[in-house]
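Chains as they are written, first to last, in my numbering: chain A, 138 to 248; chain B, 283 to 397. Where is the CB? At the ideal position from N, CA and C, for every residue including glycine. This one's a predicted model, so the numbers in the text were calculated from it and none came from an experiment. Only one structure is covered here, and it is reproduced in the block below.
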């Protein structure tokens, strides 16, 4: 076990809706990154938060947003869901420059 | 063209075989090279990472990096059924969390080791 937990594990939403995914990092880990993994593909970097500030963003539109909280939890919010947003969403936490640990992911299906 | 290319397979080998997994990349800024293993319905777990060109060995696993050719490999010796998983190569211009430690992944190779 990596000590990184994500909730929920599965989710079904309708196109146009909004969704919030949650991640609980290992205690003390000040960095969290979010990735989107489409079926049969490798994870794609969405963004990273370091000490509650966004610290880099991949090629994703602004309707993907995030928050990191002082208690080592974080959220990924996606507005105006599209069918192509269906994927496994992964969070990874780390302490500074050390190894990043991935959660088990949230499987989002948009119908 | 994708920054990281990985043969998706699938790859099916008998138990005990030597497995070779490969990735090529185009971004010269990549300095750190990693291999992750992902079991079905799980998140990726880090197997090995390397910084410079050359070989790094850890038990049955050997990671090889050739920066001049922009080519990395993972070798698995004496493969076991428990090695059956998707293997992902990943690269970063910086290591870990700070300094924009974005990981760029390959597509993943599905490996099945049959008894």
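Taking only three categories from DSSP, how would you classify residue i?
i, result
"residue 380/B", "Caution applies to residue 380/B, whose pLDDT of 49 falls short of 50 and renders its modelled position unreliable; the model cannot decide the point."
"residue 232/A", "coil"
"residue 348/B", "strand"
"residue 363/B", "helix"
"residue 225/A", "strand"
"residue 245/A", "strand"
"residue 220/A", "helix"
"residue 301/B", "strand"
"residue 312/B", "coil"
"residue 343/B", "strand"
Could you tell me whether the Cβ atoms of residue i and residue j are closer together than 7 Å?
i, j, result
"residue 150/A", "residue 141/A", "no"
"residue 314/B", "residue 374/B", "yes"
"residue 368/B", "residue 390/B", "yes"
"residue 225/A", "residue 185/A", "no"
"residue 214/A", "residue 202/A", "yes"
"residue 239/A", "residue 325/B", "yes"
"residue 163/A", "residue 228/A", "no"
"residue 372/B", "residue 330/B", "no"
In chain A, which residues lie with their C-beta within 7 Å of the C-beta of residue i?
i, result
"residue 388/B", "179"
Determine the extent of the beta strand (DSSP E) in which residue i is found, giving its start and end residues.
i, result
"residue 193/A", "190-194"
"residue 288/B", "286-288"
"residue 333/B", "Per DSSP, residue 333/B belongs to no beta strand (DSSP E) and is neither H nor E."
"residue 182/A", "181-187"
"residue 206/A", "That residue, residue 206/A, is in no beta strand (DSSP E); it is neither H nor E in DSSP."
"residue 353/B", "353-358"
"residue 176/A", "That residue, residue 176/A, is in no beta strand (DSSP E); it is neither H nor E in DSSP."
Please confirm whether any heavy atom of the ligand GDP lies closer than 6 Å to the CB of residue i.
i, result
"residue 159/A", "Ligands are entirely absent from the displayed structure, and the ligand GDP is therefore not among its contents."
Just to make sure I have the definition right: I need the residues of chain B whose C-beta is within less than 9 Å of the C-beta of residue i. Which are they?
i, result
"residue 205/A", "Correct list: empty, because the minimum Cβ distance to chain B is about 12 Å."
"residue 182/A", "384, 385, 386 and 387"
"residue 227/A", "325 and 326"
"residue 165/A", "Within 9 Å Cβ-Cβ: nothing; residue 165/A doesn't reach chain B, min ~12 Å."
Taking Cβ-Cβ distances shorter than 9 Å, what residues in chain A pair up with residue i?
i, result
"residue 328/B", "236, 237, 238 and 239"
Since residue i meets chain A, which of its residues come closer than 8 Å, beta carbon to beta carbon?
i, result
"residue 370/B", "179 and 180"
How close, in whole Å, do the beta carbons of residue i and residue j come, if the pair is a contact with beta carbons under 8 Å?
i, j, result
"residue 357/B", "residue 302/B", "6 Å"
List the residues of chain B whose Cβ lies closer than 8 Å to the Cβ of residue i, in chain order.
i, result
"residue 140/A", "Ordered by position in chain B, no residue passes the 8 Å Cβ test against residue 140/A, which lies about 12 Å from the chain."
Which chain B residues are close to residue i, counting only those with a beta carbon under 7 Å from its beta carbon?
i, result
"residue 195/A", "384"
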